[in-house]
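Enquirer:
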Amino acid sequence: MAKHLTPGRIVLYAALLLMAIYYLLPLYVMLSTSVKTLDDIRGGNLIALPQSITLDAWSKAWSSACTGVECGGMKGFFWNSVKMAVPSVLISTLIGAVNGYVVSMWRFRGSDVLFTLLLVGCFIPFQVVLLPMARLLGELGIANTTSGLILVHVIYGLAFTTLFFRNFFVTIPDELVKAARIDGAGFWTIFLRILLPISGPIFMVCVIWQFTQIWNDFLFGVVFAAGESQPITVALNNLVNTSTGVKEYNVDMAAAIIAALPTLFVYMVAGRYFVRGLTAGAVKG
Amino acid sequence: MAALSINNVCKTYANGTDVLKGIDIAIEDGQFLILVGPSGCGKSTLLNMIAGLDDISSGDIEIGGKRVNDLSPKDRDIAMVFQSYALYPSMSVRKNISFGLEIRKMPQGEIDATVERVAQMLQMTHLLDRKPSQLSGGQRQRVAMGRALARNPSIFLFDEPLSNLDAKLRVEMRTEIKLMHQRLKSTIVYVTHDQIEAMTLGDRIAVMKDGIVQQFGSPQDIYDNPANLFVASFIGSPSMNFIPAQVVESAGVLGVKICDDQGCVILPLPHAQDKMKPWLGREVIFGIRPEQITDARTAYREGLPVMACHIDVIEPTGPDTLVFVSLNNTKVCCRTHPTEAKLPGHSMELVFDVSKAVLFDPTTEQRIA
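The listed protein sequences correspond, in order, to chains A and B. Just so we're aligned: the first sequence equals residues 1 to 285 in full-length UniProt numbering. Just so we're aligned: the second sequence equals residues 1 to 369 in full-length UniProt numbering.
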């Protein structure tokens, strides 16, 4: 291995650096704009460093910016999203785990058909289910509530979580389940005591995937939970579109970062499991 | 401990494939039964059916005189050792062994004593707190056996337990399993595709092919008296020689005519006269094991037919040298003493011990004599 910097290497690194800067630039613009004063924004250009750093825009975005007629900031809607995303993620992941366990380890007549149908669920576009779902939520009396939104996300997420868990469990030898059956373990004992303890990586994959999907969802949020219970993505849109004379770019940027923080956080905490989980079973050992 | 009897058991899958076609096997309490055959012969399916992991399409399986067809695996009082060991990955060795006992609600004190006893018996007390991922292949194998032993079942089922071990360890574990059987006098059903394991371990061997038991008997009986060409070729290494030969009469005795490029001899088969009569003048398959064609010093008996043969290839194995010659245009393997074997290209006098030679029908491949 040559450790010298050959001309080829220099060009390669330069190109990589350039691409990295290109990708990081929007984040930089968002961060720097969010700590600038409005005068600073108007006076300087987009990528100039802030002349003084202020967190006023952040506190305004969090607690007093106007989203439509209300002026309570993003705070309430942030918690709306948390209240919606956490149960949705947990419920859809847990049901997906049981589903995946059944279609991989306890095959029954028609289980392959069932799995294929579930798989089709991954490909149904959001728009197709809007009207039927609105009617269903209305019938159930949970239209425009967080519970309603949770139900929608759980149903929609099941296709993915079932697929993830099924694909993970098929890599585990059948003999493990056979051995447990001979040892006298039943359906739930095998699931809870033998399979769940080794499902950590795929749990992480499901949680990250579902959390990102659900937290970032806009369409279901705007359709099924307008007003008080709307999630942060909808609130962000309202905030940016509500103009009271001057356009406050710094507040918009701060609000956008607040809306994106939880998914970033989840990636940082659990990201290393993501790749590990996705490739689990790809190599023997 | 219990006897096992399998009566006319069939297995047909939903798509119509017949995997097992009427299996009849019975062993007594404490016997070591081997199910052996090439892959796809149905031996593992049969084992799974004994275990209760696969449904029985028709027929009965009885353990200790009790029909178990409709019992779930946990109620059959069996324990199984799998090829992949199937140790629970998240549990320590101790937990792996005690898991089945806990589920059966054995009191904790008894569980601890059992784990301790089994660990001592398999010399793995120092491994008890490790996870399966921290064990070598041989150690995992031991834990899998320990898990089965702890349960003290009426029948042990082994599904190719040694296939994942390296050659040296496989021989060691083989002896250990045999020792365990001798000590515990337990009833064992053992599936393998390895005919050496079958010969060395079994009290009874069932040689299977295409869902049918081709022959069921003691190892020596199967080796000496194979029922058909398949059994004869499957059991024994190197395999039995099959030489197409004509049945001829010489001096009032029937025999087979064997030629090489230098000439022919007639090997008389006095032990098979009656059965050979209808075949006079016709072609049969003459089966003779490599150790029955040897040098004069190893043969040590007088009066056996001798033939000088041209050597094609030799393979020294250490204790013996395998000499390959060409008889009736068929490659024939002979087992000779290393110091007596000649070099390739030379001619060597080979002695034929025909007392255990067998004859097969070339079309049905069934045994004639």
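Note that beta-carbon positions come from the ideal geometry of N, C-alpha and C, so glycine has one too. Bear in mind that the values here come from a model prediction, so they are computed numbers and not experimental data.
What number of angstroms, rounded off, separates the C-alpha of A:Ser92 from the C-alpha of A:Gly157?
Expert: On the first sequence, residue 92 of chain A is found 92 positions in, with the first residue counted as 1. On the first sequence, residue 157 of chain A is found 157 positions in, with the first residue counted as 1. The straight-line gap from Cα to Cα measures roughly 6 Å.
Enquirer: Determine, for B:Asp353, whether the minimum Cβ-Cβ distance to residues of chain A falls below 8 Å.
Expert: Here residue 353 of chain B refers to the residue found at position 353 when the second sequence is read from its first residue. Cβ-Cβ to chain A under 8 Å: no for B:Asp353.
Enquirer: At a Cβ cut of 8 Å, what residues of the segment 174-185 of chain A count as close to chain B, listed as they run along the chain?
Expert: Answer in chain order: Glu175, Leu176, Lys178, Ala179, Ala180, Arg181, Ile182, Asp183, Gly184 and Ala185.
Enquirer: Thinking C-alpha only, which one of A:Val177, A:Phe203 and A:Leu136 is nearest A:Leu163?
Expert: For the purposes of this step, residue 163 of chain A is taken as the residue at position 163 of the first sequence. Comparing Cα positions, the closest option is A:Phe203.
Enquirer: For A:Ile214 and A:Leu38, I'd like the C-alpha separation in whole angstroms.
Expert: As a working mapping, residue 214 of chain A is identified with position 214 in the first sequence. As a working mapping, residue 38 of chain A is identified with position 38 in the first sequence. A:Ile214 and A:Leu38: Cα-Cα distance of roughly 33 Å.
Enquirer: Residues of chain A with a CB under 8 Å from the CB of B:Leu53: which are they?
Expert: Numbered from its first residue, the second sequence carries residue 53 of chain B at position 53. Correct list: Lys178, Arg181 and Ile182.
Enquirer: Decide if A:Cys206 is buried, meaning its Cβ has at least 16 other Cβ atoms within 10 Å, or exposed.
Expert: On the first sequence, position 206 is the one that residue 206 of chain A refers to. So A:Cys206 ends up on the buried side.
Enquirer: Measure the alpha-carbon distance for A:Thr67 versus A:Asn238 and round it to whole angstroms.
Expert: To locate residue 67 of chain A, count along the first sequence from 1; it is residue 67. To locate residue 238 of chain A, count along the first sequence from 1; it is residue 238. Each residue's Cα considered, the two are about 5 Å apart.
Enquirer: Out of A:Ala185, A:Glu228 and A:Val269, point me to the one whose CA is closest to A:Lys83's CA.
Expert: Along the first sequence, read from residue 1 onward, the residue named residue 83 of chain A stands at position 83. If we check each option's Cα against that of A:Lys83, A:Glu228 comes out closest.
Enquirer: Evaluate B:Tyr190 with the Cβ neighbour count: other Cβ atoms within 10 Å of its Cβ, from every protein chain shown; 16 or more gives buried, anything less gives exposed.
Expert: Your numbering for residue 190 of chain B matches position 190 in the second sequence. Classification for B:Tyr190: buried.
Enquirer: In the segment 116-137 of chain A, which residues sit with their C-beta less than 7 Å from some C-beta in chain B, listed in chain order?
Expert: The segment 116-137 of chain A vs chain B, Cβ under 7 Å: nothing.
Enquirer: Any beta carbon from chain B within less than 8 Å of A:Thr189's own beta carbon?
Expert: To locate residue 189 of chain A, count along the first sequence from 1; it is residue 189. Cβ-Cβ to chain B under 8 Å: yes for A:Thr189.
Enquirer: Whose C-alpha, out of B:Leu269, B:Phe230, B:Ile285 and B:Glu291, is nearest the C-alpha of B:Ile243?
Expert: Here residue 243 of chain B is taken as the residue at index 243 of the second sequence, counted from 1. Comparing Cα positions, the closest option is B:Ile285.
Enquirer: Excluding five sequence neighbours on each side, which residues of the same chain lie with their C-beta closer than 7 Å to the C-beta of A:Lys75?
Expert: Mapped onto the first sequence, residue 75 of chain A falls at position 75. Result list for A:Lys75: Trp62 and Ser63, in chain order.
Enquirer: So A:Ile232 packs on A:Phe77, CB below 8 Å; how close in whole Å?
Expert: By 1-based counting over the first sequence, the position of residue 232 of chain A is 232. By 1-based counting over the first sequence, the position of residue 77 of chain A is 77. 5 Å between Cβ atoms; contact.
Enquirer: If we call anything under 8 Å between Cβ atoms a contact, is B:Pro161 one with B:Val358?
Expert: Here residue 161 of chain B refers to the residue found at position 161 when the second sequence is read from its first residue. Here residue 358 of chain B refers to the residue found at position 358 when the second sequence is read from its first residue. No. Outside cutoff.
Enquirer: Give me, in chain order, the residues of the same chain whose beta-carbon lies closer than 7 Å to that of A:Lys36; leave out the 5 immediate sequence neighbours on both sides.
Expert: The sequence position of residue 36 of chain A within the first sequence is 36, counting from 1. The answer, listed in chain order, is Pro50 and Asn250.
Enquirer: With a cut-off of 8 Å, does the C-beta of A:Ala282 fall near any C-beta of chain B?
Expert: Here residue 282 of chain A refers to the residue found at position 282 when the first sequence is read from its first residue. Only weak support is given to the placement of A:Ala282: the predicted model assigns it a pLDDT of 43, under 50, and the value that follows is read from those uncertain coordinates. Not an interface residue.
Enquirer: Within 10 angstroms of its Cβ, does B:His271 collect 16 or more other Cβ (buried), or is it exposed?
Expert: Taking the second sequence and counting its residues from 1, one reaches residue 271 of chain B at position 271. Under this definition B:His271 is an exposed residue.
Enquirer: Of all the CB atoms in chain B, is at least one closer than 8 Å to the CB of A:Ile198?
Expert: On the first sequence, residue 198 of chain A is found 198 positions in, with the first residue counted as 1. Closer than 8 Å to some Cβ of chain B, the Cβ of A:Ile198 qualifies, so yes.
Enquirer: With 9 Å as the limit, tell me which residues of the segment 199-218 of chain A have their beta carbon closer than that to any beta carbon of chain B; keep them in chain order.
Expert: Hits within the stretch: zero.
Enquirer: Between the alpha carbons of B:Lys277 and B:Lys11, how many angstroms are there, rounded?
Expert: Counting from one through the second sequence, the residue named residue 277 of chain B turns up at place 277. Counting from one through the second sequence, the residue named residue 11 of chain B turns up at place 11. Each residue's alpha carbon lies about 41 Å from the other.
Enquirer: Please list, in chain order, the chain A residues whose beta carbon lies closer than 9 Å to that of residue 384 of chain B.
Expert: Here chain B covers residues 1 to 369 and nothing more, so residue 384 of chain B does not appear.
Enquirer: According to DSSP, is B:Lys100 helix, strand or coil?
Expert: Residue numbering aside, residue 100 of chain B sits at position 100 when the second sequence is read from its first letter. In the sequence under discussion, the amino acid at residue 100 of chain B is Gly, which differs from the Lys named in the question. If DSSP states are grouped into helix, strand and coil, B:Gly100 belongs with the helices.
Enquirer: Measure from the alpha carbon of B:Val329 to the alpha carbon of each residue in B:Ala245, B:Thr321 and B:Met307, then state which is nearest.
Expert: Reading the second sequence from its first residue, position 329 is the one you call residue 329 of chain B. It is worth fixing the name first, because residue 329 of chain B is Asn in this sequence and not Val. Closest option to B:Asn329, Cα to Cα, is B:Ala245.
Enquirer: Buried or exposed for A:Ala282, going by 16 or more other Cβ atoms inside 10 Å?
Expert: Mapped onto the first sequence, residue 282 of chain A falls at position 282. Below a pLDDT of 50, predicted positions are generally treated as unreliable, and A:Ala282, at 43, falls in that range; no measurement from the model is reported.
Enquirer: In its own chain, which residues sit with a C-beta less than 8 Å from the C-beta of A:Leu119, not counting the 5 before and 5 after it?
Expert: Numbered from 1 along the first sequence, position 119 holds the residue referred to as residue 119 of chain A. Result list for A:Leu119: Ala159 and Leu163, in chain order.
Enquirer: Which residues mark the beginning and the end of the alpha helix (DSSP H) in which A:Phe203 is found?
Expert: In the first sequence, residue 203 of chain A corresponds to position 203, counting from 1. Its alpha helix (DSSP H) spans residues Gly200 to Asn216.
Enquirer: Can you find the residues in the same chain that come closer than 7 Å, C-beta to C-beta, to B:Leu87, ignoring five residues on each side of it along the sequence?
Expert: Numbered from 1 along the second sequence, position 87 holds the residue referred to as residue 87 of chain B. These residues qualify, in order along the chain: Asn96, Pro132, Arg140, Val143 and Ala144.
Enquirer: Would you call the CB atoms of B:Ser136 and A:Ile198 closer than 8 Å?
Expert: Counting from 1 along the second sequence, the entry for residue 136 of chain B is found at position 136. Counting from 1 along the first sequence, the entry for residue 198 of chain A is found at position 198. Not in contact: B:Ser136 and A:Ile198 (Cβ atoms no closer than 8 Å).
Enquirer: In whole angstroms, what is the alpha-carbon distance linking B:Arg151 and A:Gly100?
Expert: Residue mapping note: residue 151 of chain B aligns to position 151 of the second sequence, counting from 1. Residue mapping note: residue 100 of chain A aligns to position 100 of the first sequence, counting from 1. Their Cα atoms are separated by approximately 31 Å.
Enquirer: Mind pulling the chain B residues with CB within less than 8 Å of A:Ile232?
Expert: Here residue 232 of chain A refers to the residue found at position 232 of the first sequence. Those do not exist, as A:Ile232 stays about 37 Å from chain B at its closest Cβ, beyond 8 Å.
Enquirer: Are B:Val231 and B:Gln214 touching if we call contact CB-CB under 8 Å?
Expert: What you label residue 231 of chain B is simply residue 231 of the second sequence in a count that begins at 1. What you label residue 214 of chain B is simply residue 214 of the second sequence in a count that begins at 1. Yes, the pair counts as a contact, with Cβ atoms nearer than the cut-off.
Enquirer: Whose Cβ in chain B lies nearer than 9 Å to the Cβ of A:Ile194?
Expert: Counted from its first residue, the first sequence places residue 194 of chain A at position 194. Here the neighbours are Tyr88, Pro89, Ser90, Met91 and Phe99.
Enquirer: If you follow the beta strand (DSSP E) that residue 375 of chain B is part of, which residue opens it and which one closes it?
Expert: There is simply no residue 375 of chain B to check, as chain B begins at 1 and stops at 369 in what is shown.
Enquirer: What residues match up with A:Arg109 in a beta bridge as DSSP calls it?
Expert: Position 109 of the first sequence, counted from the start, is the residue given in the question as residue 109 of chain A. DSSP lists no partner for A:Arg109.
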